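A.B. asks: My structure is below; once you've seen it, I'll send some questions.
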Amino acid sequence: MDYTKQEFMAIITGREIKDGELIILGVGLPMLAGYFAQTNHAPNLRPFTEGGVYGSTPVGGLPWGIECNRISANATSFTNAIDALGFLVLSGRADNAVIGAAQVDKYGNVNTTGIWDEPPWKAGKYLPPRVRLNGSGGASDISVGCKRYLIMASHEKRRFMEKVDYISSTGFLTGGDSRKKCGFVGGGPAAIISTLGILRPDPQTKEFYLEAYYPFTTIDEVKASTDWDLKISPDVKIVIEPTDEELENLRSVDVTGFLRKNG
Amino acid sequence: MQNKLLSIQEAVANYTWDGMTYCNGAALPVGSCSIAFGKEMVKQKRKNLNVICHCGSQQINLLAAVGAVDRVEVGFSGLEVYGFAAGLNRAVISGKTRMEDYSNGAMALRFFGGAMNWPFVPATVSIHNDQQWCSADYPDEYPCTRKIPEITDPFTGKKYGAFRTIRPDVAAIHVTMADIYGNAIMLGTEWNRFEMSRASKKVVLVTDQIVHTDCMRQYPNLVRIISEVVDAVVYWPYAAWPQASPGLYDSDEEHMFYMNKMMKTEADTEAYCDQWVNSWNSHEEYMALIGEEKIEKISQTATGFLMDPYRKWIRSDAEIRELQDRTKG
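Here the protein sequences come in this chain order: A and B. The first sequence lines up with residues 0 to 262 when you count with numbering that gives the first Met the number 0. The second sequence lines up with residues 0 to 328 when you count with numbering that gives the first Met the number 0.
Printed below as a string of C-alpha cells:
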C-alpha cells in the first residue's frame, strides 16, 4: 500500500478519537487527524479550534492556521479564546485533543518553545535559546484542562528525550503522582502517536512504554530512535495498516497533499 | 457621537511613541491583524517597544526584524503552517528582544483581568511548568518565583499561580467593518479582540470597510467593539495583507512565505522594507504595490458570503474621503 509515515501517523491518531467527543484540534497534523476521524468513523464528533471556530470542516485543504479562511467558510459559531480555551478547555469540559511536539519526554512532557545547548533546568538560568520554536499556544491549556489528549510527534532520538529542554505543555512531570499533586482538572496525555508506533503511560509510574509499532519498522528501530530506555509491552502488537477506505478518507481532508509532501 | 476617522500616518503619529506598551490586535497569526499599522510604525521609526502579542503575526515579525522591539509577551510566536517567525526568532536568539512566554489561554485571561482592572488573575495554567519557572525578565532565577507567583485559594487552601494582568498603552485592532465612530463588527474568530479593546488605555481600529451606523443598529448584538472605548478609526482596505480577513480576502500564500524568508537576515529585512514598507504613502500606492492580479486572487475567498448581509451599508471611498476631510477641520 502506498502511504507516507505522516499519513500513517494521522490515521492511527484518528483511530484514537471516539464519535461524539468534544475535541479541540491544534494547527497542522492534529487538525488533519481530527477531521479524518470525523469523515471516517466519528460523524458526531464536535471539533473546535482554540480561536472558537465551531461546527466547521476544512474547505480546500489543510488550513494554514486555526482561524484560516479554509476553516471559516462553514462555521456555525465564531467566538474567542476566552470561550474556547477558558470555558471549554481550562474548565475541564473538553473530552479530547490532539497536539504536536518538537520534543517529548518519557513522562509525556512536551516542548514546543525552544532548543538550548544547555537547557534552563541544567544551566539554572534562562538564556535565549539556540533555536526558538513557537511557544505553547493553546497546547499548554489543553495539557492541563482536557479530560485526555493525544500527542503526535516524529519519532527521532533528538525528539524522544529522557528530559525535554523546556516543559511547554505539562504531561506527567516527573512521573508517579507528581502531576496529581498539582491538582489540574485534566487527566493528562493518553498516548503518544509517533511516526513509528503507539506509546502509552504506565498506570503507576506514568512512564511511556511501547504498546504497538507499525509494520514497516521493528522494535529495535523504535528503541534506537528513543533517547530513554524504552520499555516494551509484554503484549506488544503490530499496528494494523491503514485500509484503502481510511486512506481515501484522510486524503479527502488533506486535498492539497500536505502529509504526502512531508514524508 | 464623534467622527473618529484618521489617516494611518496621523494615527501612528498621535497614538504611538518610543518605549510604549503596544498591542497588535490580531486574530491569530494567519488571520485578521493590523499589519498596515505596524508597517507605518516602521516607517515612522518607532523603537524600544514593549509588545503584547497574544499570538505573533507578520506584524510583530516585521517590527522585531527591524529591531524595534525590546520586549514581547506571547502565547504563541510562530506563523502556524507558514512556519516559525524568522524575524522575531532572530531578535530573540540574538538577545535583542526579551520574550516572556505564557499559554494562549493565559494571555486571554490576562487581557480579561486588565479589562476588569483587577490586580491579578488566578492561574490554573502556565504553572508547574517552564512557563512559570523561566522568565526573560529575571533570567538569573530558575525556577523563577516572581513571574507567576504562587497564591493560596482562600476557600480550599489549594495552591495556584497569579497572573499579572495587562493594560497596554494602545491597541491597534484590525476589524472587518466599523462605522466612523468606532463601532465595529468582526467576522471570523474574535480571538482576544473583545477583551483587548477593554483592557487597552487607547484603542485605534484599523478597518477593511467603513459602514453606515444603520448597519450597527441592524445587528447590535454583533457589535463587540463599541465606540465608547475607541479613540480613532483608520480606513485601510486589505490592512491585514498578507494575512487573511474572513469574509473579504484569503491569506496571500506566496507573500506569507516570501516575507518570512526575508525577515531571516538584517540585509534582507532592509531590502524588504525598501520594496514593501517604505514605498507607499497613499492607499492607492499600497494597492498598486500588492497588484491587481493578487488582489483579485485573494478576494476570491470561500468566506465571501459572510459579507452578504452587510454589503448595502458599505460606504464608498468618495464618501469616506469627504468624512475624513471633515475630521481635519
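No residue lacks a Cβ here, since even glycine has one placed at the ideal position from N, Cα and C. Predicted model only: the values in this text are computed from it and were never measured.
In the DSSP assignment, the alpha helix (DSSP H) including Pro119/A goes from what residue to what residue?
C.D. replies: Pro119 to Ala122
A.B. asks: Any C-beta of chain B within less than 9 Å: which residues of the stretch 125–139 of chain A qualify?
C.D. replies: Taking 9 Å as the Cβ-Cβ cut-off against chain B, the residues of the stretch 125–139 of chain A that qualify are Tyr125, Leu126, Pro127, Pro128, Arg129, Val130, Arg131, Leu132, Asn133, Gly134, Ser135, Gly136, Gly137, Ala138 and Ser139.
A.B. asks: Can you pull the chain B neighbours of Thr327/A, defined as C-beta to C-beta under 9 Å?
C.D. replies: The first residue shown for chain A is 0 and the last is 262, placing residue 327/A beyond what the model contains.
A.B. asks: Whole angstroms are fine: how far does the CA of Arg92/A sit from the CA of Met19/B?
C.D. replies: 38 Å
A.B. asks: Using a Cβ-Cβ distance cut-off of 8 Å, determine whether Phe77/A contacts chain B.
C.D. replies: yes
A.B. asks: For a cutoff of 8 Å on Cβ pairs, would you count Lys260/A as touching chain B?
C.D. replies: no
A.B. asks: I need the straight-line Cα distance from Gly246/B to Tyr53/A, nearest angstrom please.
C.D. replies: 16 Å
A.B. asks: When the Cα atoms are used, what is the spatial distance from Phe26/A to Thr326/B?
C.D. replies: What sits at residue 26/A in the sequence shown is Val, not Phe. Those two C-alpha atoms are separated by around 43 Å.
A.B. asks: For Val229/B, count neighbouring Cβ atoms within 10 angstroms of its own Cβ and tell me buried if that reaches 16, exposed if not.
C.D. replies: buried
A.B. asks: Output yes if chain B places a C-beta closer than 8 Å to the C-beta of Pro29/A; else output no.
C.D. replies: no
A.B. asks: Which whole-angstrom value describes the C-beta separation of Ala171/B and Asn23/B, a residue pair presumed to lie in contact below a C-beta threshold of 8 Å?
C.D. replies: Right, the Cβ-Cβ distance comes to about 6 Å (below 8 Å), so this counts as a contact.
A.B. asks: Leu78/B and Pro118/B look like a contact to me (Cβ under 8 Å); what is the Cβ gap, rounded to whole Å?
C.D. replies: Actually they are not in contact, since the Cβ atoms of Leu78/B and Pro118/B sit about 34 Å apart, beyond 8 Å.
A.B. asks: Please list, in chain order, the chain B residues whose beta carbon lies closer than 7 Å to that of Ser71/A.
C.D. replies: Gly187, Pro245 and Thr302
A.B. asks: Skipping 5 residues on each side, what residues in its chain have a beta carbon closer than 8 Å to that of Arg109/B?
C.D. replies: Within the same chain, Tyr101, Val120, Phe162, Arg163, Thr164 and Ile165 come within 8 Å of Arg109/B by CB-CB distance, once the 5 residues on both sides are set aside.
A.B. asks: Apart from the five residues just before and just after Gly82/B, which ones in its own chain have a Cβ nearer than 8 Å to its Cβ?
C.D. replies: Phe256 and Asn259
A.B. asks: With distances taken Cα to Cα, identify the nearest neighbour of Gly85/A among Met40/B, Met106/B and Lys46/B.
C.D. replies: Met106/B
A.B. asks: Quick one: is Ile224/B buried, meaning 16 or more other Cβ sit within 10 Å of its Cβ, or exposed?
C.D. replies: buried
A.B. asks: Got a sec: is the Cβ-Cβ distance from Pro119/A to anything in chain B below 8 Å?
C.D. replies: At a cut-off of 8 Å between beta carbons, Pro119/A contacts chain B.
A.B. asks: By the three-class DSSP mapping on this structure, what secondary structure does Arg129/A have?
C.D. replies: coil
A.B. asks: In the DSSP assignment, find the beta strand (DSSP E) that holds Met151/A and state where it starts and stops.
C.D. replies: Start and end: Tyr148 to Ala152.
A.B. asks: Comparing the C-beta of Glu49/A with each C-beta of chain B, is any distance below 8 Å?
C.D. replies: yes
A.B. asks: Looking at chain A, is there any beta carbon in it that lies within less than 8 Å of the beta carbon of Tyr81/B?
C.D. replies: yes
A.B. asks: So, under 8 Å CB-CB, Ile23/A and Cys145/A are touching, yes? Tell me the CB distance rounded to an integer number of Å.
C.D. replies: Contact flag correct, Cβ pair sits at about 7 Å.
A.B. asks: Glu244/A: buried (16+ other C-beta within 10 angstroms of its C-beta) or exposed?
C.D. replies: exposed
A.B. asks: Under 7 Å between beta-carbons, which chain A residues line up against Lys157/B? List them in chain order, please.
C.D. replies: Gly182
A.B. asks: Identify every run of the alpha helix (DSSP H) within the stretch 8–37 of chain B, keeping only runs that are complete inside it and at least 4 residues long; order them along the chain.
C.D. replies: Listed in chain order, there is nothing to give.
A.B. asks: Run down chain A in chain order and give the residues with a C-beta less than 8 Å from the C-beta of Asp251/B.
C.D. replies: What Asp251/B touches in chain A: nothing, since even the nearest Cβ is about 11 Å away.
A.B. asks: Strictly by DSSP, which residues pair up with Gln102/A?
C.D. replies: Asn110/A
A.B. asks: Verify the CB distance criterion: does Tyr165/A have a CB-CB separation below 8 Å to chain B?
C.D. replies: Yes, Tyr165/A counts as interfacial toward chain B.
A.B. asks: Quick test of the definition: if touching needs 3 or more C-beta pairs under 8 Å, does the stretch 102–112 of chain A touch the stretch 33–51 of chain A?
C.D. replies: no
A.B. asks: Which residues in the same chain as Gly262/A place their Cβ atom closer than 7 Å to its Cβ, once the five residues preceding and following it in sequence are excluded?
C.D. replies: Caution is warranted here: a pLDDT of 48 is assigned to Gly262/A, below 50, making its placement in the model unreliable, and the coordinate value is therefore given only provisionally. Taken in chain order, the residues that qualify are Thr3, Lys4 and Gln5.
A.B. asks: Give a yes or no on whether the C-beta atoms belonging to Ala85/B and Ser76/B are separated by under 8 Å.
C.D. replies: no
A.B. asks: Which chain A residues are close to Pro138/B, counting only those with a beta carbon under 8 Å from its beta carbon?
C.D. replies: Lys124, Tyr125 and Leu126
A.B. asks: Indicate the three-state DSSP secondary structure (helix, strand or coil) for Gly187/B in the structure shown.
C.D. replies: coil
A.B. asks: Between which two residues does the alpha helix (DSSP H) containing Ser139/A stretch?
C.D. replies: Ala138 to Gly144
A.B. asks: Between Gly24/B and chain A, is the shortest Cβ-Cβ distance under 8 Å, so that the two count as touching?
C.D. replies: With a threshold of 8 Å between beta carbons, Gly24/B makes no contact with chain A.
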